[in-house]
Amino acid sequence: MIKRITERAAHEKLNNIKIILRDFIHEGSGLEDESVNYVMLFNILHAEDPEELLKESFRILKPDGNWVLIHWNYDPVPRGPPMEI
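Basically the numbering used here = 1-based index in the sequence shown + 3.
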């Protein structure tokens with residue numbers, strides 16, 4: 004995914020994209036306080052410590068930024084990890 008985004012950004016001449024490969028769970032984002040406009044988290048409720056991920060996401064978000072959490076829905080056709088975790 005990193006390679007594809009890098010290539011696509013170069014092709015589209017998008018110079019405002021900074022691509023970072025990082026172990027967010029163990030190292031945090033590495034970003035400064037209130038430094039991003041938009042945070043999007045997916046399926047973090049199955050992480051070992053989802054509260055730390057949430058705290059980090061709010062720490063880096065600008066006061067007027069947007070924050071989104073997306074989590075899969077367990078319905079009659081179960082998808083995603085088992086509910087017990």
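All C-beta atoms in this analysis are idealised placements derived from N, C-alpha and C, irrespective of residue type, glycine included.
Note that the coordinates shown come from a computational prediction; the quantities given were computed from them, not determined experimentally.
Distance between beta carbons of L64 and E37, contact taken as under 8 Å: As a first step, residue 37 is located in the sequence shown; it is residue number 34 there, counting from the start. As a first step, residue 64 is located in the sequence shown; it is residue number 61 there, counting from the start. About 7 Å separates the Cβ atoms of E37 and L64, confirming a contact at the 8 Å cut-off.
Alpha carbon of V71 to alpha carbon of M43, nearest angstrom: Within the sequence shown, the letter at position 68 stands for residue 71. Within the sequence shown, the letter at position 40 stands for residue 43. Pairing V71 with M43, the inter-Cα distance amounts to about 5 Å.
E59, buried or exposed, once every other Cβ within 10 Å from all chains shown has been counted against 16: Counted from its first residue, the sequence shown places residue 59 at position 56. Counting the other Cβ atoms within 10 Å of the Cβ of E59 gives 16 or more, which makes it buried.
Residues near A12 in its chain [Cβ-Cβ closer than 7 Å; skip 5 each side]: Numbered from its first residue, the sequence shown carries residue 12 at position 9. Excluding residues within five positions, the ones whose Cβ falls inside 7 Å are I20.
Test: E30 CB closer than 8 Å to a CB of chain D: Of the chains in the structure shown, none is chain D; there is only one protein chain.
K16 versus I22: straight-line alpha-carbon distance, rounded: The residue you call residue 16 lines up with position 13 of the sequence shown. The residue you call residue 22 lines up with position 19 of the sequence shown. So the two alpha carbons sit approximately 14 Å from each other.
Contact under 8 Å by Cβ, Y41 with N18: Translated into the one-based positions of the sequence shown, residue 41 becomes position 38. Translated into the one-based positions of the sequence shown, residue 18 becomes position 15. No, the pair does not count as a contact, with Cβ atoms beyond the cut-off.
Reference P66, options V39, H74, R7, L34, closest by Cα: In the sequence shown, residue 66 corresponds to position 63, counting from 1. It is V39.
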